[in-house]
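Each remark here refers to the structure printed beneath this line.
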Amino acid sequence: MMTIGTHMSIAGGILQAAENVVKMGADTMQIFSRNPRGSGYRVYDKEEIEKFQALRRENGFGPLLAHAPYTLNLASGTEKTYEFACMVIREDVERMDKLGIENIVFHPGSHTGIGAEAGIRNIIAGLDMALTGKENIMVLLETMSGKGTEIGVSFEELKKIRDGVEHPEQIGICLDTCHVFAAGYDIVNDLDGVLDEFDRILGIDLLRAIHLNDSMMPFGSHKDRHAVTGSGEIGMDALLRVLDHPLLSGLPFYLETPLDDQGHKEEISRIREALAQKRNLSGGGKD
Ligand code: FE
Ligand code: FE
Ligand code: ZN
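Note that the sequence shown ends on residue 388 in the numbering used here; no numbers are left out.
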């Protein structure tokens with residue numbers, strides 16, 4: 102079985118989002134932990150949370166993922182930006198934990214000139230203010246494409262962040278296929294090599310989620326533009342190998358592709374079909 106879903110809007114509330122997942126034929130979702138560009142958030146009341154949790158249980162959803170706002174920069178050397186980021190990550194870890202979400206992912210941030218070392222120190226300090234060691238939720242660092250002064254373009258940088266925090270047991274990794282490809286990890290021609298490297302540097306057990314995106318931009322371009330699966334530079338065959346890899350196939354996959362709910366519904370069924378076909382072919386052609 103494969104756990105797959107997409108990024109869903111929570112404009113109509115968390116229960117509505119989960120109902121839309123079911124309609125889509127998906128079995129998980131990613132949601133924003135709050136307004137992605139602003140600072141506003143919704144307070145979920147107890148009744149809504151209970152209905153939402155009942156619905157996800159009845160429909161056998163896999164692990165759910167919250168995404169922190171894009172504007173959050175925990176690596177920033179600018180006081181105001183940094184303090185805002187610290188506050189958001191602290192509040193949203195707590196809020197999403199209460200909501201019963203398994204993982205929250207964030208972009209480590211951009212150092213904007215203070216240097217990667219200083220940026221990483223800021224990220225570590227911010228995480229230490231957010232995590233008490235008592236939360237059930239895991240905080241996932243996302244692999245980044247490396248545009249500008251982005252931190253998280255290499256597995257080594259993510260490792261430094263995790264090693265530096267007081268509660269590393271609460272830190273995992275979310276691998277974004279578009280981002281690692283743009284960062285220069287060749288998941289098209291050498292997926293095994295990339296996963297070996299991940300395992301050697303971070304440990305494969307830390308991998309908790311996959312953002313399954315194709316890339317509009319070429320390999321190693323350090324540009325982050327998602328494409329619909331199969332229509333970008335990574336291509337469907339390579340993405341199917343990701344979905345079907347023995348080290349990855351048990352993980353939840355989240356699409357962040359530029360489509361609406363109807364488009365995502367079709368995309369998911371297209372992926373399921375292609376994967377079934379691939380498995381049939383390889384199963385039938387063994388000798
Ligand atoms: Fe992301
Ligand atoms: Fe992503
Ligand atoms: Zn991206």
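Virtual Cβ for every residue (Gly too), placed ideally from N, Cα, C.
Report task. Label Gln363 either buried or exposed according to how many other C-beta atoms from any shown protein chain fall within 10 Å of its C-beta, with 16 as the threshold for buried. Result -> Per the 10 Å Cβ criterion, exposed.
Query raised in the report: Thinking C-beta only, is Gly227 closer than 7 Å to Leu175?
Result: Going by C-beta atoms, Leu175 is nearer than 7 Å to Gly227.
Query raised in the report: DSSP state of Val122, grouped into three classes?
Result: Of the three classes helix, strand and coil, the one that applies to Val122 here is helix, per DSSP.
Query raised in the report: Around the Cβ of Asn237, are there at least 16 other Cβ atoms within 10 angstroms (buried) or fewer (exposed)?
Result: Asn237 should be labelled exposed.
Report task. Let me know the beta strand (DSSP E) ranges lying completely inside the region 234-308, each 3 residues or longer, listed in chain order. Result -> DSSP runs (the beta strand (DSSP E)) wholly in the region 234-308: 239-243 and 272-277.
Query - beta-carbon Asp315 near ligand 3 non-hydrogen atom, thresh 6 Å - result: It does not: the Cβ of Asp315 is nowhere closer than 6 Å to a heavy atom of ligand 3.
Report task. Tell whether a beta-carbon distance below 7 Å holds between Gly234 and Met245. Result -> Contact flag unset, no.
Query raised in the report: Based on the DSSP output, what are the partners of Ile205 in its beta bridges?
Result: Per DSSP, Ala167 and Val240.
Query raised in the report: What's the C-alpha gap between Pro170 and Arg301?
Result: Each residue's alpha carbon lies about 30 Å from the other.
Query raised in the report: Taking DSSP as the reference, what is the three-state secondary structure of Ile335?
Result: Reduced to three states, the DSSP call for Ile335 is coil.
Query raised in the report: Which same chain residues, not among the five before or five after Ile311, have their C-beta less than 6 Å away from its C-beta?
Result: Correct list, in chain order: Leu276, Leu352 and Phe354.
**Report entry** Which of helix, strand or coil DSSP assigns to Met109
**Finding:** Reduced to three states, the DSSP call for Met109 is coil.
**Report entry** Through-space distance from Asp297 to Gly336, alpha-carbon basis
**Finding:** Their Cα atoms are separated by approximately 22 Å.
Requested in this report: Output the boundary residues of the beta strand (DSSP E) element that contains Thr129.
Outcome: If you look at Thr129, you'll find it in the beta strand (DSSP E) that goes Thr129 to Phe133.
Requested in this report: Apply the 10 Å Cβ neighbour rule to Arg380 and answer buried if 16 or more other Cβ atoms are within range, or exposed otherwise.
Outcome: So Arg380 counts as exposed.
Query raised in the report: To which residues of the same chain is Arg191 closer than 6 Å at the C-beta, ignoring the five residues directly before and after it?
Result: Cβ neighbours of Arg191 beyond the five flanking positions: Met230 and Ala231.
Query raised in the report: Is Val343 buried or exposed, if buried means 16 or more other CB atoms sit within 10 Å of its CB?
Result: Val343 comes out buried.
Query raised in the report: Can you give the Cα-Cα distance for Thr182 and His212, rounded to whole angstroms?
Result: Near 11 Å, if we compare the C-alpha coordinates of His212 and Thr182.
Query raised in the report: Any idea if Gly163 is buried or exposed, counting beta-carbon neighbours within 10 angstroms, 16 or more meaning buried?
Result: Gly163 is buried by the Cβ-count criterion.
Report task. Taking only heavy atoms of ligand 1 into account, decide whether any of them is closer than 6 Å to the Cβ of Glu258. Result -> Not one heavy atom of ligand 1 is found less than 6 Å from the C-beta of Glu258.
Requested in this report: With a threshold of 16 other CB atoms inside 10 Å of the CB of Ser177, please say whether the residue is buried or exposed.
Outcome: Ser177 is buried by the Cβ-count criterion.
Query raised in the report: Considering only the beta carbon of each residue, do Met109 and Ile132 sit closer than 7 Å?
Result: Note that the C-beta distance between Met109 and Ile132 is below 7 Å.
Query raised in the report: Which residues mark the beginning and the end of the beta strand (DSSP E) in which Phe354 is found?
Result: Looking at the DSSP string, the run of the beta strand (DSSP E) that includes Phe354 is Pro353 to Leu356.
Query raised in the report: How would you call Gln271, buried or exposed, if buried means at least 16 neighbouring beta carbons within 10 angstroms?
Result: Classification of Gln271: buried, given that the 10 Å Cβ count is 16 or more.
Query raised in the report: Near ligand 3, which residues have their beta-carbon closer than 6 Å to a heavy atom?
Result: Summarising the contact set, residues whose Cβ lies nearer than 6 Å to any heavy atom of ligand 3 are, in chain order, Asp277, Cys279, His280, Asp325 and His327.
**Report entry** Leu341 and Leu382 closer than 7 Å at C-beta
**Finding:** Against a cut-off of 7 Å, the Cβ pair of Leu382 and Leu341 comes out as no contact.
Query raised in the report: Around the C-beta of Ile274, are 16 or more other C-beta atoms found within 10 angstroms, so that it is buried, or is it exposed?
Result: Buried, since its Cβ has 16 or more Cβ neighbours within 10 Å.
Requested in this report: Evaluate the contact criterion for the region 259-270 versus the region 284-293: three or more CB pairs, one atom per stretch, below 8 Å.
Outcome: By the criterion of at least three beta-carbon pairs nearer than 8 Å, the region 259-270 is not in contact with the region 284-293.
Query raised in the report: Using CA coordinates, which residue listed in Ile205, Asn314 and His327 is at the minimum distance from Cys372?
Result: Before going further, note that residue 372 is Ile rather than Cys in the sequence given. Ile372 has its Cα closest to that of Asn314, out of Ile205, Asn314 and His327.
Query raised in the report: Between the Cα of Thr129 and the Cα atoms of Leu356, Gly333 and Ala186, which residue gives the shortest distance?
Result: Ranking the options by Cα distance to Thr129, first place goes to Leu356.
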